[in-house]
Amino acid sequence: MTTKLFGTKVARVEDQRFLRGQGRYVDDLLTDDPRLLHAAVLRSPHAHARITDIDVSDVLDVEGVLAVWTYDDLVDAMAEPLPLLIPHPTLTHGRTQYALAKDEVNYVGEAIAFVVAVDRYVAEDAVSRIRVDYDYLEPVVGIAAARAADRLVHDDVPGNIGARMEQETGDARAAIADAPHTLTLELDIERSACTPMEGRGTVARWDPDTSRLTVWSSTQTSTGVRGCVAAKLGLDLAKVDVITPDVGGGFGVKINHPWPEELLVPLAAMTLGRPVKFTEDRREHFISSAHERAQVHHVEVGFDDDGRLLGLNVEFWHDHGAYTPYGLIVPIITSTQLLGPYKPLNYRVVFESLYTNTVIVTPYRGAGRPQGCFVMERTMDAIAAYLGKDRTEVRGTNFIQPDEFPYEHGLVFQDGRELTYDSGDYPASLEKLKALVGWDEFEQFRAEMAAQGRRVGIGLACYVEGTGVGPYEGAHVHIETSGKVKVATGLTSQGQGHQTAFAQIVADTLGVRFEDVEITTGDTRKMPYAVGTFASRAAVMSGSAIHLASLRAREKALRIAAEALEASEEDLEINDGVVSVRGTDASIDLGTVAVLSNPLRYAFDEASKAATQFSVGDPGKPPVAEDDEPGLEGKDFYSPERSTFANGMHAVIVETDPDTAEITILKYAVVHDCGHLINPMIVEGQIHGGVAQGVGGALYERMVYDEAGQLLNASFMDFLMPYVTEVPTTIDIDHLETPSPLNPLGIKGAGEAGVIPSAAVFAAAIEDAEGFPITAMPISPSELFALRLEHADHTTEAATITGI
Amino acid sequence: MKPAPFAYLRPTTLEEALTALAGEPGAKVLAGGQSLVPLLSMRLAAPSMLIDINALPDLGHVTCDEAGVRIGALARHAEVLASVEAAASQPLIARALSHVAHPTIRNRGTTVGSLVHADAAAEMPMVLRLLEGSVDVASVRGRRTIPAAELFAGPLESTLAHDEVAVEAFFPALPAGGGIGFEEIARRHGDYALVGVAAVVTIADGDVVGARVGFVSVSDVPVVVDVTDHLDDPAAAALAELDPAEDIHASADYRAHLVKVLTPRVLADAIHHARTRKQA
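Chains A and B are the protein sequences, given in the same order. Each residue of the first sequence is one higher than the one before, counting from 18 in my numbering. Each residue of the second sequence is one higher than the one before, counting from 637 in my numbering.
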């Protein structure tokens, strides 16, 4: 009997390779090819300027330089702006950059010229010899400057407003006006970024004999890149293959496409007739990929004596940087996912998406949810503090109850579909969290610590995450005559463990050995129809598609096996790759079934003799039936009507040093509900990584722009990604499994879960420790020190009451 | 992030290295490379030549005698940190070195290289200054000893002439009756300190007869303040001579606050160390 693998902690098949340095990333490709060329990019040193002249005459004198491109060298579709990937009716003033800057630059790091040389050293030497004359323009940096609109990023975008969007259910302002209690909050989140270990990278090879272009890219969507490359370079789609090899993390930034280099590298390869590689370096990643998170929020809330939300009115301003290639996805997610597990009776949300002269903004793991969670959870804490109630009690009062699913919010989600939650049990999750973190015992702990002169605080935060957005993913399952199973799905992998989790699904559904399953992702030659890896969608979308495709292959296998075994299909079972008649010795292995599925004229080995024309089939019928096809394969697509909604709750206990204002994590607890777990170890790994990234976002990382639009900390020396020494040594995790009714496996996404509540939960815990409101994140010891001084000046009495 | 072109020389004798250095005004000396190589890669430095001294003989030593610890130009931080004799002779060396970056960097970076890099945010220049050590330098013109008090000219600037190579550093031993303390606050483990404080005290007949405190990251050059006469409020005395600056990680006020928090604490540790230390 094949052991059921779904739901078990199967060790990741990827890890041996990755841990032994045998991963194969874009920069590892074609390194032995002596014809390989290397690219470097001249990037704008100014945040806002008109380009009056570009002089490349000194460049071609550099030995080893083959070519240089500026905007004037681009023609046809390449001379048009890059695509606006996700248009939206309210994005009335969407703007995208050119592959190489045309006439003006709008952020430090914007690509101006593209040099190809024999190696990257020479290419960088050449870049330093390009002379550009600029007319400097005053930059717009930060949300306040964008709103003030004293200066414009784009002359034809009044007020720097790219979009204004409003959604409302009920009448929030009237409900607030009538509410017994009201509060107003101003809440800020700063910029951060994904910063994957591997930056962007593209390699392209043009084969003149077959007129075929192969592109390797560290993207989160190989089909997306393929479509863009074909369109921009004027190639038939069939002439372009895009392959995503091992990718060293994405976290969202690599879903944006095409990057200028993703088009310029193939263009150069075609023009020069030699393979070309671009590997982004770390500084380039900071100043010319994408950031996220910066938003300023104004919240008005009305509530009753129990803390029940009667009306919630949120206005916020989103800094989307210099251009809007990814549309409004991030602020739309904030405005809808802000609601979390709660049901305000009346809700209004309005945002303006603003231009600034800074790096573009595209989704970063969590994608607007961390900001939304911060807003809602800070509001919940403020209500609890105002009413003098326990913070968990106010949350419980506002929870959507288990019997209310599917729960319709009456809003439109990021995929254009209704915001309708499919499953969850928030009261049960909260009980688990309280037990896990020791919520009810905390006051005793606080007292014990206070007796030692130590200051501690506890916080919690809840979120709901729409995962597994459409439109679709597909899978192709091929059982070879060896009995091995080759599976292709089109979305890409950045280290999540797809090979393992997907193989678990195939092994269970087909009844084959896990070791016999091989998964290919992100290769347009194997699966040309796909969307990509983002929004915690891989397990839900490709996992479901793989399950459906496996069912089709199984169905066919049973049909052929039934004929061969002269048995009824209903009496057959498949275990460890062998089809047998239940309760008998009669069996046939799947490899042989595969042989029989493909009527042959020629025998190429011993096994294939069984399928040749004198061995098999009814001579009175066509060898392949009219509605059948040769081969033991299954192909299917999964396209759900709407997203599935995972949820979770985090709690943290922190210690704040009374002297140095340093913030230390004492305990971190997570209760997580992503429906059925395919592989609990992988899910917990995702949570661990997400929490680590969240600790970074809450306590360490930020993008420090000066007034001139220069990013002051564009290196890992000054952008403080936490080390292993800064993240919790243990994270207590408990799971709740409320299966999704929307897909055959009952699963919901888990990829972003760990990072969403970080800003909210740390703000809550620090506030609890210090006794004054925390309204802006991230927070450093220096900032906490400043807040202490401020509140010591103004609220000595209140501070005394809370024991400071 | 690729360096601009440079010539590369890997001499096998000190004379060869010194001659080459004297003949190439744009040359830089490469030892552990933990500061220089990133500067090259970011093209913030573009020397015409790198003179790699890693093949020179007899510069990897960490030796101790009654006077103190002598550290050769090629001794790695990790080797100095691992020296039991050095820790016994002058315990402040190991205390401070354990805060220098991370093990991988300590495995390559050299202590002497860190000294002549003269970064006021680095631990070892301050330690040398506090202990009143010195650096021996060599050039085609001969050798000389630069006392720590004369070594640091400004931010990232030592008083070595261009043709000089630092060959050895000397850290005096902790005398009988002496005690040390060290503490720093950094944003992450191994980062440059927001503020670092070291103290050396001397006890005689149970009384503190000497107390000096050194500071990291609160001035342009390593600063040492004698607080022997200010033991009631050593931080105030120190702040009178310090100029904490704001950067993206900390405000000037916060740095000053950390000086106030750490100075008495480290001084107390040093006094405790002096009183409880086993005398050899």
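Quick reminder that beta carbons are idealized off the backbone N, C-alpha and C, glycines included. Keep in mind that this is a model prediction, so the values were computed, not measured.
For Glu185(A), no chain B residue has a C-beta closer than 9 Å to its own C-beta; the minimum C-beta separation is roughly 40 Å. For Ser775(A), the secondary structure class from DSSP, reduced to helix, strand or coil, is helix. The Cβ of Leu477(A) sits no closer than 7 Å to any Cβ of chain B.
Note that the C-beta distance between Met760(B) and Ser775(B) is not below 7 Å.
With fewer than 16 other Cβ atoms inside 10 Å of its own Cβ, Tyr153(A) counts as exposed. DSSP lists no beta-bridge partner residue for Asp533(A).
Judged by their CB atoms, Phe788(B) and Pro880(B) are not nearer to each other than the 7 Å cut-off.
Straight-line spacing of the CA atoms in Glu769(A) and Arg382(A) works out to 5 Å. In this structure Met666(A) touches Leu477(A) by the C-beta definition: roughly 6 Å separates them, less than 8 Å. Beyond the five residues adjoining it in sequence on each side, Val135(A) comes within less than 6 Å, by CB distance, of Gly81 in the same chain, given in chain order.
For Lys451(A) and Val688(A), the gap between their C-alpha atoms comes out near 10 Å. Residues of the region 734-745 of chain A whose Cβ lies closer than 7 Å to any Cβ of chain B, in chain order: Asp735, Leu737, Pro739, Tyr740, Thr742 and Glu743. Near chain B, meaning a CB-to-CB distance below 8 Å, no residue of the region 66-86 of chain A qualifies. Residues of the region 667-692 of chain A whose Cβ lies closer than 8 Å to any Cβ of chain B, in chain order: Asp676, Thr677, Ala678 and Glu679. At least one C-beta of chain B is nearer than 7 Å to the C-beta of Val721(A). With respect to the C-alpha of Gly704(B), the residue from Ala785(B), Gly659(B) and Leu764(B) having the closest C-alpha is Leu764(B). Rounded to the nearest angstrom, the Cβ distance from His274(A) to Gly251(A) is 18 Å, too far for a contact under 8 Å. When secondary structure is reduced to three states using DSSP, Ile729(B) falls in the helix class.
Positions of the beta strand (DSSP E) runs, each at least 3 residues long and wholly inside the region 737-768 of chain A, are given as 749-752 in order along the chain.
A Cβ of chain B is located within less than 7 Å of the beta carbon of Glu141(A). Judged by their CB atoms, Glu490(A) and Tyr343(A) are not nearer to each other than the 7 Å cut-off.
With the rule of 3 Cβ pairs closer than 8 Å, the region 285-303 of chain A does not count as touching the region 102-121 of chain A.
Under the three-state reduction of DSSP output, Asp89(A) falls in the helix class.
For Ile729(B), no CB of chain A lies under 7 Å from its own CB, so it is not counted at the interface with that chain. Counting only runs that start and end inside the region 640-703 of chain A, the beta strand (DSSP E) elements of at least 3 residues fall at 650-655, 661-673 and 680-690. About 6 Å separates the Cβ atoms of Glu215(A) and Gly266(A), confirming a contact at the 8 Å cut-off. Here Thr899(B) is buried: its Cβ has 16 or more other Cβ atoms, across all protein chains shown, within 10 Å. Cα atoms of Ile816(B) and Tyr722(A): separation of roughly 40 Å, rounded to the nearest angstrom.
Shown here, Trp276(A) sits in coil according to DSSP, grouped into three states, outside any helix or strand. By the rule that beta-carbons nearer than 7 Å mark a contact, Leu59(A) does not touch chain B.
Excluding sequence positions up to five before and after Ala653(B), its CB lies within less than 7 Å of the CB of Pro647, Ile687, Ile689, Leu692 and Val801, all in the same chain and listed in chain order. With fewer than 16 other Cβ atoms from the protein chains shown falling within 10 Å of its own Cβ, Met734(A) counts as exposed. Close partners of Tyr717(A) in chain B (Cβ separation under 9 Å): Arg823 and Arg824.
Glu877(B) and Asp868(B) have their C-alpha atoms some 17 Å from each other.
For the options Glu672(A), Glu623(A) and Tyr88(A), the alpha carbon positioned closest to that of Asp785(A) is the one of Glu672(A). Under the DSSP definition of a beta bridge, Gln312(A) partners with Ile206(A) and His335(A).
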